[in-house]
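Engineer: Next up is a structure, given as structure tokens.
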Amino acid sequence: MSPTKAKQTSLMQSLKKMPPFLIVLLAGIVLFVLMLWMSPDRTPTPEEQLPWNAVALENGQVKVIGLTTLETTALQAQRFYKDDITVKIFSKKDESGKSAEVFFPSIHIGTIHASMVLKLKVDPDKLQAIYDRGVKTSINESGNREVTPSQEDDLFLKNQPFTLLTLIPRKSLSEEAIQKRFGAPQRIVKESDGLDHWFYPKKGLELIFDPKGPEALQYYAM
């Protein structure tokens, strides 16, 4: 028997003699070390890039989580957050109200894990042409449409700036936690959706508070 095989046999015999709880403990330690080794390094997020430190500028733009409305493109945002993105065009049942949106399924802002949607600024005539050239159309139960743009149009849309940023944290926050981070809102309005909308004009933020689910943070020029 070779020295290597002899060592392997000896190791197996030693493991068989160990109490089951000790084997489970060792396996857990090994798994924990592997997870630490494989997890991506995340540099600390600058304070100004945290969601509660967004700033509405005098020129109508909003600086939020490292991005700027009417300036940062979807492609630049993708490079910043290193996430796969999906571009879609949405319309109502009668094909009115078209909007181009980019979905980021998973981003990290410091310790915050969230999904993000960017609504793009696109000339209406150009958007209509892209909509008409769409390679796939899906219709939901309410009749609203979702159009997948062609590869060429997809790239064009990714290079457009956004006007509205919606951030949806994976973990819900209590009213107390929201006020601790964001401060007291300037006003609270119960909208037609039945939910309270908290307005922070100085942050360019409309926070939609849902007691039953995650909040939606919408940043735009007010």
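According to my numbering, the sequence shown is numbered sequentially starting from 65. Yeah, the Cβ is synthetic: ideal placement off N, Cα and C, and Gly gets one too.
#1: Could you check where the alpha helix (DSSP H) with Leu229 kicks off and where it finishes?
#2: Considering only residues of the same chain and omitting the five flanking positions on each side of Ile203, which have a CB-CB separation below 6 Å?
#3: I'd like the span of the alpha helix (DSSP H) that includes Gln140, first residue to last.
#4: Please state whether DSSP places Tyr195 in a helix, a strand or coil.
#5: If contact is defined by three or more beta carbon pairs under 8 Å, each pair taking one atom from either stretch, is the region 211-225 in contact with the region 139-158?
#6: Given that a residue counts as buried once 16 or more other Cβ atoms are within 10 Å of its Cβ, and exposed if not, what is Pro188?
#7: Using only alpha-carbon positions, find the residue among Asn123, Ser238, Pro108, Lys127 that is nearest to Gln282.
#8: Let me check one thing: in DSSP terms, what residues is Leu237 bridge-paired to?
#9: Please check the pair Ala164 and Val186, which I expect to be a contact at CB under 8 Å, by giving their CB distance rounded to whole angstroms.
#10: Quick one: is Ala141 buried, meaning 16 or more other Cβ sit within 10 Å of its Cβ, or exposed?
#11: When the Cα atoms are used, what is the spatial distance from Leu134 to Tyr284?
#12: Would you identify the three-state DSSP class for Asp187, choosing helix, strand or coil?
#13: Out of Asn123, Ser160, Lys162, Ile176, state which residue places its alpha-carbon closest to the alpha-carbon of Tyr145.
#14: In three-state DSSP terms, what is Tyr274?
#15: With 16 other CB atoms within 10 Å as the buried threshold, where does Leu86 fall?
#16: If you follow the alpha helix (DSSP H) that Leu221 is in, where does it begin and where does it stop?
#17: Have a look at Arg143 and Lys190 and give me their C-alpha separation to the nearest angstrom.
#18: Looking at the structure shown, is Ser169 part of a helix, part of a strand, or coil, going by DSSP?
#19: Among Val199, Asp274, Phe246, Glu279, which one has its Cα closest to the Cα of Glu112?
#20: What are the partner residues of Asp158, as DSSP defines its beta bridges?
Structural biologist: Working from what's here:
#1: Taken as a continuous stretch (DSSP letters only), Leu229 belongs to no alpha helix (DSSP H), being part of the beta strand (DSSP E) at 226-233.
#2: Arg209
#3: 138-145
#4: It is helical.
#5: yes
#6: With fewer than 16 other Cβ atoms within 10 Å, it is exposed.
#7: Lys127
#8: DSSP output for Leu237 lists no bridge partner at all.
#9: 5 Å
#10: Buried, since its Cβ has 16 or more Cβ neighbours within 10 Å.
#11: 10 Å
#12: coil
#13: In this structure, Ile176 is the residue among Asn123, Ser160, Lys162, Ile176 with its C-alpha nearest to the C-alpha of Tyr145.
#14: It should be pointed out that residue 274 corresponds to Asp in this sequence rather than to Tyr. If DSSP states are grouped into helix, strand and coil, Asp274 belongs with coil.
#15: Per-residue confidence for Leu86 stands at a pLDDT of 48, beneath the threshold of 50, marking its modelled position as unreliable; no derived number is given.
#16: According to the DSSP assignment, Leu221 belongs to the alpha helix (DSSP H) that extends over 215-222.
#17: 25 Å
#18: What sits at residue 169 in the sequence shown is Pro, not Ser. In this structure, Pro169 counts as strand in the three-state DSSP scheme.
#19: Phe246
#20: The partner list for Asp158 (beta bridge, DSSP) is empty, contrary to what the question assumes.
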